[in-house]
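All remarks here apply to the structure that follows.
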Amino acid sequence: MQIERAASPDMPHCVVFPALNDSSPDAPPVCIYLGTEQAQVRAQRIFLFSVEKHRNPDREYRVYLMKDLDGFDQSQWRTGFTNYRYAIPAFAGGKGRAIYNDVDQIYLEDPAHLFDLPLTEHGYLSISPEDTSVMLIDCARMLPLWNLDTARQQSKRQLIASAAEKTGLWGALDGGWNTRDEEYSELTARVLHYTALHKQPWQPTPTTYSYHAHPLEDLWFELEREADARHYGPFTAEAPSPWFEGALKTLEQQSIPAFTASEGAIRLAADMSLHDLIWCHPSAQVAANAPLPVDRVNQHSLQSLGDDCADGVAVTGLLEHLPGEDIPWVLERLARYSQRLLYIGLHLSADARAADTALHSIHWWQRQLRTLAQHHPRLVWQLDIRRGSSNRVEVVQSAMTGARTEQPAESAQPVVWLLLSEHAGDNAQLRALGKELNWRVVEKPPLIDFKPARLMLLTRPSLRGVKAKQLGELKGPWPDIVMSTGRRTVNIARWIQRHSGGRTQLIWLGRPRAPLHWFDLIVTTPQYGLPAREHIHHNLLPLNRPPAVADDVLKAWQRRLDHLPRPWYGVLVGGTTSLQKFEAEDAREMLQTAAGLAEQHGGSLLITTSPRTPKAVIDALREELAVPSYLNEWQPQQQDHFHPALLALSDGFIVSDDSASMMAEAIRTHRPVWLYQLKPLPLSRRARRQARIVEWMNQRTRQTSARGTHRQQDWRGRFFDRLHSQGIVRTPRDLKHLGETLRIRGLCQPLQGADQPAFQPPAMPVPDEMQATVEEIRRRAGERHWQE
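As C-alpha cells, then:
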C-alpha cells in the first residue's frame, strides 16, 4: 500500500493499492472516494480491508479519504462528510469516473465490478435520485452541477434537486450495490450499508446513541477479526497515515505537562521487579522523573527509538496526540521493544462530547491493547487515563498472560467456576464453553432453590438462598472467572467477586436480568433483546453445536433409511413453552407443508420429537402422510442416537420456532432451514401493559423512513435502554425476534407461505461463534478496572 498526500488541505489524501502484476495494463485504476470522519476510524479501517480483500490483484485501486477538508462549512451537515461527495467531479479534475461510498459500508465483492458498469448517457448511477450514499459518477458530465463551489455553498437537498432536474442525468443502480440493512435477505448483496445509526456494530458515537445489535453485524465483526489476525493497519511505520507527519510537527510545538502514573502502575512495576525501562515521550514533555520506578531509564522520542529492548516500555504524552489511524502500528512498534510490560499514560479531554471520537474513548484504547496482546500474548499492559484537571485516574490492567495462549502451562491457566442451574440446555452451553477454553474448569452444582427479587438493582452480594449442604462449595481459593446463566446465581457470583478482592471476573450467558454493568462480559443472543455495549458479545445463535455421532451409528441409520427417496428433510418438532402452545393442529399443518416441500422434490421426511412434545402432537404425527417418512419418538431414559444422525444425514430441515437450540443445531449444518412459526399465547394483563410501554418507548426506531431505512433513535429509546441496562425494566424472551433476525441474515426462511423450492443455503454462513466467543473471553481474561 502507498500513500499519496494531497497537494492542498482542501483536497483528499489517497490510499493506493497497486497492481501486483501487469496482466491488465490497459484497465484504468478503480477510483473510490470515501466519506469519513474522526469518529469513524474503526469503520474506515474495515472498509479499506473489505476493498483490499475483494479487489482484483492485477489492477490498481485508489481510495481517496474525504476527511476534515478545508473550505467546507459543516455546521448544517448531518455527518462530518455530507457534502464532500458532490465535490468529487472537481477532486477528479473533471475526468474519468469515480465511485462514492459512505464509511458505514463494506464491500462483499470486487469494487471493480461497480466501477466498470456502463453509464451510457447518465451522469451518475445510484439506487434512487435522492439516495447518493453509493454512486458511480461520470466526473465530466457532473462537473457543471457538482463542483467545489456548489458543494460548499449549497445544501445536500439543493445539490440533489439540481441533478434531478436534468432529464436522463440519473440512472438506476442495482440495489445490491447499496444493500441497506434488512434488504440483505431480498437482494444479492454486493455492498452492505449499515444505515441505522443506533445499530452500527462499531458504535462510533456512544454518547449520542444507545446502541442495539444489528442482524448483520456478524459479517462486519468477522471482517474485523480477519483484519486483526492479519495485522492489518492498513497504515504502517513505512507508510503512515497522511495526517501523521502533521501531528508530530504540532506536538513538537506544544508544551506537554508531566504525567504521573497511578499507584497501581507503580505497584505493578515493583511486583514485576522491572530492571530497566524505555520511556517514550515527546521531546516537549516537561518531566524530571520516569513514570515508573526502575533501576535504569532510557528516554526516547518515537523517532529516536533504537535497537535495544528493555523489561518495560512506558509511553506518556504521545499517543493521544497522534491520528487514530496510526495507533495500531505505533503500539506494535513499542511492544517490540518490551520484554514484559507496556505502560501507557494518556491525558484526555474531560468534555463528554469528546468521548464520541475514538482517541477519547477508554473502550477504544482497551480494544487497541487487546488486539495488540493477541500478537504479544506474554506482554502485561496497563492503561492510565487522566481527564482534564481532575486528580482521578481511570486504570485498566491486564496481567493474566496465561489466558491468551491456547495451550498454556497448567499453572498459568485461569481457574473457572461454572455455576450450574436446573436447566440442562444452559448447563450444556456452559460446559461446551468451558471445554473450548481448555482452562482449569470446576463445576459447582445448582446452589440455590428460590427465585431472587425481581428488582436486582436493590439487592446485595450474598449467599441468601444457598442450600445449607452446598455452602461447602463456596470456599477459597477463589477463581479467576465465574461463568453462569440466569439471575438466580447473580448475587452468589457477586459475593465470590467481593471475597476475591474484586479479582474474579463475572461472565454471563443469555441475560442476567440484573444491572448490566455488574458483569465483565455478557454473551447473549437476539431473543433476549439486550442493548449493544462494549462488554456485551452478541451472537446470532446459542452456543449449541450439532452433537457428535459415531461412524458406526451413522452408518447403521443410513442403512436403515436407505429405502427412503432423497432428498431427506429433517423435521425437528418442539413443544409448548410459556410463550407458545404447540397443538395437534399445528403438527398437522407443519407436516402437511413439509410434505408438500418433499413432494415437489421427490424426497422424504425424517421426523423427530423432543422432550417437550405433547402427546396430542405425537398422535398427530403418526397420521399417514402423502410422502415417504420415518418418525422417531423421543423416549425418556434412553440415549437418543437418531437426533444427531438426522442432523448429519438430512439435506434440509424444517424446525418449529419454539426452541433456539434446535434452530442453532439445524443452521450450523449449513444446509437450508425453514422455520414453522407457532402462534403466540395470549399475554397476561401485566405482560400486555409491559408490551405497550416497550412498544411506545421504542416506537421511532421500529419505523422506517421513506427510503426504507430505520428511523433514528429518539430520547424515548435511549431512556428505555437506560432503564433496561439498570435491570429496572426487562423485555420478555422473544423467539419471534430471533427467527426474524435469522431470516434477515439469510440463514432460514418461514415455512408458511414461503417460496420453498427457491431457498438455498446462505452464501455467507454464520461464522464459528463458539470460537469467536472463546477468543473474546481470552482477550478480556484478567482485565481489572478501577479508579484512583
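So for the sequence shown, the numbering used here puts the first residue at 160; every next one is plus one. Cβ atoms here follow ideal geometry from the backbone N, Cα and C, with glycine treated the same way.
Could you give the distance in angstroms between the alpha-carbon of residue i and the alpha-carbon of residue j?
i           : j           : result
residue 343 : residue 786 : 34 Å
residue 427 : residue 897 : 45 Å
residue 498 : residue 488 : 18 Å
residue 911 : residue 335 : 26 Å
residue 525 : residue 532 : 11 Å
residue 761 : residue 923 : 28 Å
residue 391 : residue 568 : 30 Å
residue 500 : residue 425 : 12 Å
residue 745 : residue 776 : 8 Å
residue 916 : residue 360 : With a pLDDT of 49 at residue 916, under the threshold of 50, the predicted position of this residue should be treated as unreliable, though the coordinate-derived value follows. The straight-line gap from Cα to Cα measures roughly 33 Å.
residue 616 : residue 623 : 16 Å
residue 465 : residue 938 : 30 Å
residue 883 : residue 889 : 6 Å
residue 506 : residue 548 : 9 Å
residue 384 : residue 340 : 21 Å
residue 480 : residue 873 : 33 Å
residue 845 : residue 593 : 38 Å
Assign residue i to one of three DSSP states: helix, strand, or coil.
i           : result
residue 763 : strand
residue 890 : coil
residue 916 : Any reading at residue 916 must be qualified, since the residue scores a pLDDT of 49, below 50, and its modelled position is unreliable; no value is offered.
residue 727 : strand
residue 301 : helix
residue 908 : strand
residue 809 : coil
residue 834 : strand
residue 818 : coil
residue 519 : helix
residue 285 : strand
residue 489 : helix
residue 321 : helix
residue 413 : coil
residue 788 : strand
residue 794 : coil
residue 509 : coil
Report yes or no: is there a C-beta of chain D within less than 8 Å of the C-beta of residue i?
i           : result
residue 432 : The chain inventory of the structure shown lacks chain D, comprising one protein chain alone.
On a CA-only basis, which of the options is nearest residue i? Give me that one, please.
i           : options            : result
residue 675 : 691, 662, 441      : 691
residue 410 : 390, 476, 383      : 476
residue 380 : 653, 845, 934      : 934
residue 371 : 438, 338, 693      : 693
residue 740 : 584, 535, 237, 773 : 773
residue 717 : 650, 809, 669      : 809
residue 440 : 467, 407, 453      : 407
residue 161 : 904, 197, 213, 223 : 223
residue 332 : 354, 392, 276, 777 : 276
residue 689 : 903, 670, 699      : 670
residue 328 : 305, 309, 313      : 305
residue 225 : 200, 212, 235      : 200
residue 243 : 283, 177, 169, 936 : 169
residue 672 : 698, 645, 656, 650 : 645
residue 420 : 536, 640, 553      : 553
residue 712 : 767, 899, 803, 859 : 803
residue 656 : 632, 682, 647, 620 : 620
State yes or no: is the C-beta of residue i within less than 8 Å of the C-beta of residue j?
i           : j           : result
residue 449 : residue 415 : no
residue 539 : residue 560 : yes
residue 629 : residue 604 : yes
residue 572 : residue 598 : yes
residue 144 : residue 436 : Residue numbering for the chain in the displayed model covers 160 to 947; residue 144 lies beyond these limits and cannot be assessed.
residue 704 : residue 735 : no
residue 299 : residue 230 : no
residue 947 : residue 423 : yes
residue 357 : residue 338 : no
residue 255 : residue 197 : no
residue 626 : residue 596 : no
residue 218 : residue 186 : yes
Original post:
Could you give the uninterrupted runs of the beta strand (DSSP E) lying entirely in the region 177-203, keeping only those of 3 residues or more?
Top reply: 189-194
Original post:
Going along the chain, which unbroken runs of the alpha helix (DSSP H) with 4 or more residues stay wholly within the region 539-597?
Top reply: 583-596
**OP:** At 3 residues or longer, and completely inside the region 643-671: list those beta strand (DSSP E) runs for me, N to C.
**Re:** 664-668
Original post:
Curious, which full-length beta strand (DSSP E) runs of at least 3 residues does the region 223-276 contain?
Top reply: 256-261, 264-266
**OP:** Can you check the region 450-474 for any beta strand (DSSP E) of at least 3 residues that lies completely inside it and give the ranges in chain order?
**Re:** 455-459
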